[in-house]
């Protein structure tokens with residue numbers, strides 16, 4: 001990059017783009033998905049917030065774009081941090097910082113991580129009990145996690161009703177909150193009969209992580225397993241837990257999961273970005289005799305289906321801004337609780353999402369990945385209609401929160417949670433096609 005271009009570019013990005021007014025941000029013309037992303041991210045922002053968005057986009061472009069320059073990225077990030085400090089000072093130390101100003105902190109740190117090299121994080125590990133408490137706060141403040149978990153769990157409960165042995169193979173178990181609620185449901189819904197024996201096999205990342213965040217490491221997965229085992233014992237739920245690592249290439253090996261004759265098998269997958277690991281996991285469901293696959297999916301934003309880090313970065317900005325605004329509008333006076341949720345849950349997840357978008361973009365240069373929905377039919381699964389109870393449960397759930405949330409149907413097997421016009425999360429169920437509907441007979445007890 002020559003000096004003249006560098007200096008002109010720096011000067012231009014420190015100014016508000018003339019395409020937007022600083023009042024209501026009217027857009028002179030919006031055609032491309034990228035322009036739509038910027039319009040969505042900047043609607044209603046003031047001058048300083050506009051500058052933050054444009055600088056964040058410019059920093060992302062400087063890491064991967066046609067005029068790629070890490071030197072330029074460093075300069076932009078320095079300016080971003082100055083603007084963030086100015087915003088904090090103007091709000092009296094952050095007490096009234098806006099959602100976009102708080103989000104800019106997390107996104108700036110995430111971009112700085114990419115610049116400093118993979119593996120570096122601005123977040124120190126938190127004690128599991130603190131994270132669990134933060135998740136409880138999030139569940140109290142937002143239907144985000146409960147919606148996906150409850151809808152998937154209801155499909156599982158209906159699919160394995162009457163079975164004595166149930167085996168769930170879970171991709172991305174995280175803190176195990178979903179399965180604590182399923183365990184409780186098994187215990188409470190059996191009308192005095194003993195609950196089924198429940199086995200959960202969680203997938204952990206390989207020791208060769210290829211430099212980008214995918215799943216939890218084996219030790220973190222085992223910690224989750226111990227917490228679930230303790231909870232199951234406390235409510236007298238027969239339970240066992242195991243985990244299976246992805247192979248060194250990041251693929252799932254069905255041979256790593258021990259399925260016993262007579263088990264009703266269900267696959268569960270929380271998808272944050274389609275990848276070869278997700279593809280190999282879903283493709284193996286039929287091989288292991290699964291009768292059901294439940295998928296919780298972080299819905300893509302405008303333009304995120306396009307290749308490239310910048311499009312995915314801007315889509316993630318739009319998504320995370322919707323989440324922060326939803327919490328703030330729903331609980332304007334609970335700043336301390338919101339801060340805990342942002343610091344322990346949203347912050348690390350934003351960092352992970354940006355890294356995932358960056359490294360997935362790099363992988364896309366090497367290999368085209370199919371969308372996960374296209375993998376279901378070849379794996380032997382078809383859309384499974386959700387029950388009326390699932391619909392009623394989802395609508396009852398969001399009625400407990402502020403009116404900005406809504407539920408919509410997207411086909412007979414899928415419900416989508418949105419905040420205002422922004423789709424956040426979907427939950428869908430896929431049943432084995434008739435020829436695949438068998439109880440697993442791999443291995444012996």
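Residue numbers (the working numbering): 1 to 445.
Cβ coordinates follow ideal geometry from the N, Cα and C atoms, glycine included.
Residue 252 versus 201, 178 and 104, residue with shortest Cα-Cα distance: 201
Check this for me: beta carbons of residue 106 and residue 345, under 7 Å apart or not? no
For residue 234, count the other beta carbons within 10 Å of its own beta carbon; 16 or more makes it buried, fewer makes it exposed. Which is it? exposed
Name the DSSP beta bridge partners of residue 290, please? 265
Between residue 300 and the rest of its own chain, which residues show a CB-CB distance below 7 Å, the 5 nearest in sequence each way excluded? 315
Length at least 3, wholly inside the stretch 385-435: the beta strand (DSSP E) runs in chain order: 405-409, 414-419 and 422-432
Rounded separation between residue 176 and residue 132 - CA only: 10 Å
What's the call for residue 89, buried or exposed, on a 16-neighbour Cβ count within 10 Å? exposed
Out of curiosity, what's the CA-to-CA distance linking residue 504 and residue 46? With the chain running from 1 to 445 in the structure shown, residue 504 is simply not present.
Between which residues of its own chain and residue 166 is the CB-CB distance below 6 Å, once the five residues before and five after are set aside? 160, 196, 198 and 264
Starting from the Cα of residue 297, find the closest Cα among 338, 375 and 148 and give me that residue. 148
First and last residue of the uninterrupted beta strand (DSSP E) at residue 316: Element bounds for residue 316: not the beta strand (DSSP E) but the alpha helix (DSSP H), 309-330.
Any chance you could list the alpha helix (DSSP H) runs of at least 4 consecutive residues sitting entirely within the stretch 98-149, in chain order? 99-116 and 128-141
Would you tell me roughly how many angstroms separate the C-alpha atoms of residue 423 and residue 151, rounded to the nearest one? 16 Å
Assuming contact is defined by CB atoms lying nearer than 7 Å, are residue 224 and residue 271 in contact in what I supplied? no
Around the C-beta of residue 356, are 16 or more other C-beta atoms found within 10 angstroms, so that it is buried, or is it exposed? buried
From residue 418 to residue 232, what does the alpha carbon distance come to, in whole angstroms? 33 Å
Let me know if residue 348 comes out buried or exposed under the rule of 16 or more other beta-carbons within 10 Å of its beta-carbon. buried
Would you mind stating whether residue 279 and residue 376 have Cβ atoms separated by less than 7 Å? no
Following the continuous alpha helix (DSSP H) through residue 201, name the residue where it begins and the one where it ends. Run containing residue 201: none in the alpha helix (DSSP H); it sits in the beta strand (DSSP E), 197-204.
Roughly how many angstroms lie between the CA atoms of residue 141 and residue 404, to the nearest whole one? 13 Å
Bridge partner(s) assigned by DSSP for residue 54: DSSP lists no partner for residue 54.
Compute the Euclidean distance between the alpha carbons of residue 267 and residue 241, then round it to the nearest angstrom. 15 Å
Let me know the secondary structure DSSP gives residue 359 once reduced to three states. helix
How about residue 292 and residue 431: are their beta carbons less than 7 Å apart? yes
Please name the residue, chosen from 180, 137, 154 and 60, that lies closest to residue 113 on a Cα-to-Cα basis. 60
Do residue 277 and residue 228 count as a contact pair if the criterion is CB distance below 7 Å? no
What's the gap between the Cα of residue 127 and the Cα of residue 226? 15 Å
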